[in-house]
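*Asks:* Reminder that position 54 of the sequence shown reads as 53 in numbering that gives the first Met the number 0, one-by-one numbering, no gaps.
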Amino acid sequence: MNRALIVAIVSLLALAPFAAAWAGCVPDQRQSFICGDGKDAIRVFSETTSPSGKLAFGWRTSAGLPTGQAEPAGDVENVLVRLQDGAVLGRLGGTYWATGKMRANRYDLVAAWSPDSRAVVEVANSRWDTDSFRFYAVGNADSVTLDLHDLVERAVRAKSQPQAAKGRVFRIREDLPVKLDGDGRLSFAAILFIPKSEEPALGFRVELMIKTIKSSAAARVISVQRAKLSD
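#1: Tell me where the beta strand (DSSP E) around D84 begins and ends.
#2: State buried or exposed for T130, treating a residue as buried only when at least 16 other CB atoms are found within 10 Å of its CB.
#3: Expressed to the nearest angstrom, what Euclidean distance is found between the alpha-carbon atoms of D141 and A111?
#4: Measure the C-alpha to C-alpha separation of G35 and A86 and round it to an integer number of angstroms.
#5: With distances taken Cα to Cα, identify the nearest neighbour of A189 among R81, Q28, L150, T98.
#6: When the distance is taken between beta carbons, is L185 closer than 8 Å to V120?
#7: From which residue to which residue does the alpha helix (DSSP H) around V155 run?
#8: In the DSSP assignment, the alpha helix (DSSP H) including A164 goes from what residue to what residue?
#9: Just to confirm the assignment, what range does the beta strand (DSSP E) spanning V177 have?
#10: Pull up the CB-CB distance for G67 and N77, whole angstroms please, since I reckon it's below 8 Å.
#11: Inspect the beta-carbon positions of V122 and V177 and report whether they are closer than 8 Å.
#12: Going by the CB atoms, is the gap between I209 and F134 shorter than 8 Å?
#13: Less than 8 Å between the C-beta atoms of R81 and L54, yes or no?
#14: Rounded to whole angstroms, what is the Cα-Cα separation between Q30 and D74?
#15: I need the boundaries of the beta strand (DSSP E) containing Y231, first residue and last residue.
#16: Following the continuous beta strand (DSSP E) through D130, name the residue where it begins and the one where it ends.
#17: Count the other C-beta atoms from every protein chain shown that fall within 10 angstroms of the C-beta of A216, then say buried if there are 16 or more, exposed otherwise.
#18: Could you say which of R172, K213, P114, F56 lies nearest to P50 if we only look at CA atoms?
What follows is the structure in structure tokens.
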């Protein structure tokens, strides 16, 4: 067989799963995809796509997606969406939005996927706070949700002197690696800091173990270590 033809066939086979995954959504002109239409339309955050290429985070509003350079008119909701058909598998805790030309000011969203795409951790940070830190186990038609925020905040405050932690805000460092292994081990960095202050933040390296059994999930802290983190 012609070598060029073989290469072409192999390339098409490699791309086939991703092409199928996007079949339920329409590409827009800003390197993203729109799933659905009208007030139910969802715009995908392409950078949050799962390793399988079949799932991603997206956003929608109660008034539908904005047109042109307008900001969202309604309440913003972040969702976990299946790209094959645009089905919503879960509602996330964050309210981030991005149109391709504009985005939510001082807001960051991270999706830390397991290697098999069966679970993901959401980190949604506004200017000072971590608005949402949640684990999602993804099923065929929905997802199991576990809020990790309070568990981790209690753990890092317990590792600090009460006087040193007083008045400090808890935050997950979205700019440092957030890693979810296939066995449910989650590793990340967190800080306690004083907004608008030159006072150094208290840094921590944290590990959790998360287990999912049928329709429920549970997490336990396995390690909290004080650490000097990069600025």
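Glycine included, each C-beta is placed from N, C-alpha and C at the ideal position.
*Replies:* Reading from the atomic positions:
#1: Boundaries cannot be given for D84, as no beta strand (DSSP E) includes it and DSSP labels it neither H nor E.
#2: Going by the sequence as given, residue 130 is Asp instead of Thr. Buried.
#3: Cα-Cα distance, rounded: 18 Å.
#4: Cα to Cα, the separation comes out at about 9 Å.
#5: Closest by alpha carbon: L150.
#6: Contact: yes.
#7: Here the alpha helix (DSSP H) through V155 covers 148-157.
#8: It spans 161-164 - the alpha helix (DSSP H) in which A164 sits, taken as one unbroken run.
#9: Per DSSP, V177 belongs to no beta strand (DSSP E) and is neither H nor E.
#10: 22 Å between Cβ atoms; not a contact.
#11: Cβ atoms of V122 and V177: closer than 8 Å.
#12: With contacts defined as CB atoms closer than 8 Å, F134 and I209 qualify as a contacting pair.
#13: Yes. Within cutoff.
#14: Answer to the nearest angstrom: the Cα atoms are 24 Å apart.
#15: Outside the shown range of the chain, which is 0 to 230, sits residue 231, and nothing can be said about it.
#16: Run containing D130: 129-137, per the beta strand (DSSP E) assignment.
#17: Per the 10 Å Cβ criterion, buried.
#18: The residue with the shortest Cα to Cα distance from P50 is P114.
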